[in-house]
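Per the numbering used here, residue 132 is the first one in the sequence shown, and the count goes up by one each step. Beta carbons are placed, not taken as given, at the ideal position from N, Cα and C, and that holds for glycine. Since the structure is predicted, the reported quantities are computational estimates derived from the model, not experimental observations.
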Amino acid sequence: MTLKQALSRAREILIADNIEDASLESELLLRHTLNTSRVQLYQDLHCELSSTQEETFWNLIKRRLAHEPTAYIIGHREFYGLDFHVNPSVLIPRPESELLVEKALSLAQSYNMSTVADIGTGCGAIAISLALNLPHAKIYATDISASALEVTLINCQKHRVVNRIHLLQGDMLDPLPEPVDLIVANLPYVKEPEIDAEGFEPTLALSGGADGLKKIHQLCQQVNSRLHPTGYLLLEIGQGQSRAVTALLHNLFPYAKIEVALDLGGIDRVVSLHLPKNQ
Numbered sequence: 132m133t134l135k136q137a138l139s140r141a142r143e144i145l146i147a148d149n150i151e152d153a154s155l156e157s158e159l160l161l162r163h164t165l166n167t168s169r170v171q172l173y174q175d176l177h178c179e180l181s182s183t184q185e186e187t188f189w190n191l192i193k194r195r196l197a198h199e200p201t202a203y204i205i206g207h208r209e210f211y212g213l214d215f216h217v218n219p220s221v222l223i224p225r226p227e228s229e230l231l232v233e234k235a236l237s238l239a240q241s242y243n244m245s246t247v248a249d250i251g252t253g254c255g256a257i258a259i260s261l262a263l264n265l266p267h268a269k270i271y272a273t274d275i276s277a278s279a280l281e282v283t284l285i286n287c288q289k290h291r292v293v294n295r296i297h298l299l300q301g302d303m304l305d306p307l308p309e310p311v312d313l314i315v316a317n318l319p320y321v322k323e324p325e326i327d328a329e330g331f332e333p334t335l336a337l338s339g340g341a342d343g344l345k346k347i348h349q350l351c352q353q354v355n356s357r358l359h360p361t362g363y364l365l366l367e368i369g370q371g372q373s374r375a376v377t378a379l380l381h382n383l384f385p386y387a388k389i390e391v392a393l394d395l396g397g398i399d400r401v402v403s404l405h406l407p408k409n410q
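Structure below.
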């Protein structure tokens, strides 16, 4: 079987099982099997797979048909133009979270912010993306999960920012040793009844309680003690949550400036809060 035939057959199988982005996923799994680049793969389309390579590839396809995410199968995921190691200890970075990075970079660069905290860092995709674009900022990255922080460390080493990012284990803002200029948080916001019990991603990184807002509410209660006066808070939220989150923030910070940004799909995705000087 040639690489071209394998790609075509795998795509058909994944489409039949209603797997989204079947062409891309087939390509990623075949590249992982061959340990090759995209350019090299397409240059070698008429080459034959060895029997060992065929067996490996179809075993990967079987894992995907069992709904194991491709990112976990191949062990990495692209985010904000960077490649990150991932495993089932961490949530797989989503493209919509890149808006959080863009907003954070815009604020940090516009106001020359020197300290930033990424709360619930997971694999470290947001913190590392910020560190690479804010070379003079001190970055804190917190997570309640020790196994998640092990993945973060691997990615910090991979992107050579170990000395730029301070990894802290603990819940929400508790581990921060000082107030910061900017808090960025992509917290669990999925409602408990909507979580797939058969899913592969860690429930700890998904569950936002009965209404999806438990963790967001908890963090917002701590903001005053960990955010500098005139500082900013950026929260990623789920679809349909903007009204509840902005109401919560207005209640806690009646004089703060609150805005909502839409993602590329037109969904309210990032809520920003700017504290007044005398909150």
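For Ala137 and Asp342, the rounded distance between their alpha carbons: 44 Å
Neighbourhood of Leu265 by C-beta, 6 Å cutoff - its chain only, sequence neighbours within 5 removed: Ala239
Counted within 10 angstroms of its Cβ, other Cβ atoms place Gly339 as buried (16 or more) or exposed: Within a 10 Å sphere around the beta-carbon of Gly339 sit 16 or more other beta-carbons, which makes this residue buried.
Nearest-angstrom Cβ-Cβ length linking Ser220 and Ser278, presumed shorter than 8 Å: The beta-carbon distance between Ser220 and Ser278, rounded to whole angstroms, is 4 Å. This is short enough to meet the 8 Å contact definition.
Assumed close pair Ile250, Ile296 - CB separation to whole angstroms, cut-off 8 Å: That belief does not hold up - the Cβ atoms of Ile250 and Ile296 are roughly 13 Å apart, past 8 Å.
Ala197 classed as buried or exposed, judged by whether at least 16 other C-beta atoms fall within 10 angstroms: exposed
Start-to-end residues for the beta strand (DSSP E) that takes in Lys388: 388 to 393
Cβ neighbour criterion (16 or more within 10 Å) applied to Ile146: exposed
Opposing strand residues paired with Lys269 [DSSP bridges]: Thr246
Spatially closest choice to Met303 from Thr361, Leu284, Ser276, Asp394, by CA coordinates: Ser276
7 Å Cβ cutoff, Glu323 in contact with chain B: Of the protein chains in the structure, only one exists, and it is not chain B.
Contacts around Val321, its chain only, beta-carbon distance under 8 Å, and the 5 residues preceding and following it disregarded: So the list reads Leu337, Ser338, Gly339, Gly343, Gly369, once near-sequence residues are dropped.
Assigned secondary structure, Thr361 (DSSP; H/G/I helix, E/B strand, else coil): strand
Coarse secondary structure for Glu209, derived from DSSP in three states: strand
From Lys289, His290, Cys254, His267, residue whose alpha carbon lies closest to that of Thr283: Cys254
Contacts around His163, its chain only, beta-carbon distance under 6 Å, and the 5 residues preceding and following it disregarded: Ile205
Closest by C-alpha distance to Arg225, when choosing among Val293, Glu209, Glu325, Ala378: The candidate whose alpha carbon is nearest that of Arg225 is Glu209.
Every unbroken alpha helix (DSSP H) inside the stretch 139 to 185 [4 residues or more]: 153 to 165, 169 to 174
Host beta strand (DSSP E) of His405 (start-end): 399 to 405
According to DSSP, residues forming a beta bridge with Ile296: Ile270
Exposed unless 16 or more other CB atoms sit within 10 angstroms - verdict on Asn317: buried
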